[in-house]
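Reviewing the structure listed below.
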Amino acid sequence: MVILDLVFNQLLVLKIMDSFCEIIAVILGFYCFSIMLKQYHVKKSKTTIYLMIIFFTLACAPLSQFIDGLFYSGWSIHNTFGLYDVQYGYAFILISTTLANIGLLLFSVDVFLTKQEGPYPKNTKIVVIGGSILIGTLGILGGILKLNDREVTAIIGIYFVIAMIMYILLGTKAYKLSNKISEAIYKKSIKYIGHFAFSLLAIYIFFILDSFSTTYTIWGFFGWAVYLLATYLAYIGFVKPIKVRMK
């Protein structure tokens, strides 16, 4: 019994730190969303809509995890706290990140190709539309199946691979583009978008490592800690230049 209590206390400490990261990420995500909403009222554009989608869904993912752990899964000693075992939170996290990935994909093409390299060809449009449909189908289907407590490992595995490839391409593109920009604030913001992309890659890796255990592990905490970092990097990369222009 003493050993069980000790293990539970360690898990509880991790879960408290985990929840702290989730709450701060939610606050920061909705704060960034509110700024983008103000920007959209000032100047309506597709890019701003994509950013609104990204930040709203970035905030919804940790919010759903926190609510699930607080009201549905519970914090009893019988709860492993594993992300994969949190049925409702996992499902809504999957759906939220799917929408965020679609927004990020559309934003990346709109900014990195259209504005920097001229109008993109039809085959690029086909790839973007096809990629969005594929990511959307896998993510939302996986979320719905998880809500019904079905097996989703294969679907999520494919989804993770596609998403991680997208993050690597986006991060690499952002770093290359930042080297071509002379204005300091925009050079920094593009570089931070690259940091953001690779931090998303790290999040997936941490959660994959956490999924191999039957109990909540330090990898799960690292996943949410880096998620908070990623939200902050997104703020520096996407929002801060807009705040400077709004002053």
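Just so we're aligned: the sequence shown equals residues 232 to 478 in my numbering. Where is the CB? At the ideal position from N, CA and C, for every residue including glycine. Everything numeric in this text was worked out from a predicted model, so none of it was measured.
Does residue i pass the burial test, meaning 16 or more other C-beta atoms within 10 Å, or should it be called exposed?
| i | result |
| --- | --- |
| LYS404 | buried |
| ALA385 | exposed |
| VAL244 | exposed |
| LYS422 | buried |
| SER339 | buried |
| PHE312 | Unreliable positioning characterises PHE312 in this predicted model, as indicated by a pLDDT of 41, which lies under 50. The coordinate reading is nonetheless provided below. Flag for PHE312 reads buried. |
| ILE473 | buried |
| THR368 | exposed |
| VAL273 | exposed |
| ILE247 | exposed |
| ILE387 | buried |
| ALA415 | exposed |
| SER413 | exposed |
| ASN379 | exposed |
| SER276 | exposed |
| ASN332 | buried |
| GLY349 | In this prediction, GLY349 has a pLDDT of 49, which is less than 50 and means its spatial position is unreliable; what the coordinates show is noted afterwards. With fewer than 16 Cβ atoms within 10 Å of its Cβ, GLY349 is classed as exposed. |
| VAL470 | buried |
| LEU282 | buried |
When you compare the CB positions of residue i and residue j, do they come within less than 7 angstroms of one another, or not?
| i | j | result |
| --- | --- | --- |
| TYR398 | LEU432 | yes |
| ALA270 | THR279 | Before going further, note that residue 270 is Gln rather than Ala in the sequence given. It is a contact, given that the beta carbons lie within the stated cut-off. |
| SER363 | LEU336 | yes |
| ILE326 | ILE371 | yes |
| LYS425 | GLY402 | Correcting the residue type first, residue 425 is Gly in the shown sequence and not Lys. A contact, by the Cβ cut-off of 7 angstroms. |
| ILE284 | GLY334 | yes |
| PHE391 | TYR458 | no |
| SER430 | ALA456 | no |
| PHE453 | ASP249 | no |
| ILE324 | ALA292 | yes |
| PHE286 | GLU253 | no |
| THR288 | LEU330 | yes |
Could you confirm whether any beta carbon from chain D is found closer than 7 angstroms to the beta carbon of residue i?
| i | result |
| --- | --- |
| LEU336 | Here chain D cannot be found, since the structure has a single protein chain. |
### Task
Indicate whether the contact test is met: 3 or more Cβ pairs, each with one atom in the segment 438-445 and one in the segment 254-268, closer than 8 angstroms.
no
### Query
Is there contact here, the segment 261-275 with the segment 463-476, by at least three beta-carbon pairs under 8 angstroms?
Output reads yes: the segment 463-476 touches the segment 261-275.
### Message
Suppose only complete runs of 3+ residues qualify. What are the beta strand (DSSP E) ranges in the segment 394-454, listed by chain order?
### Response
The qualifying runs do not exist here; there are none.
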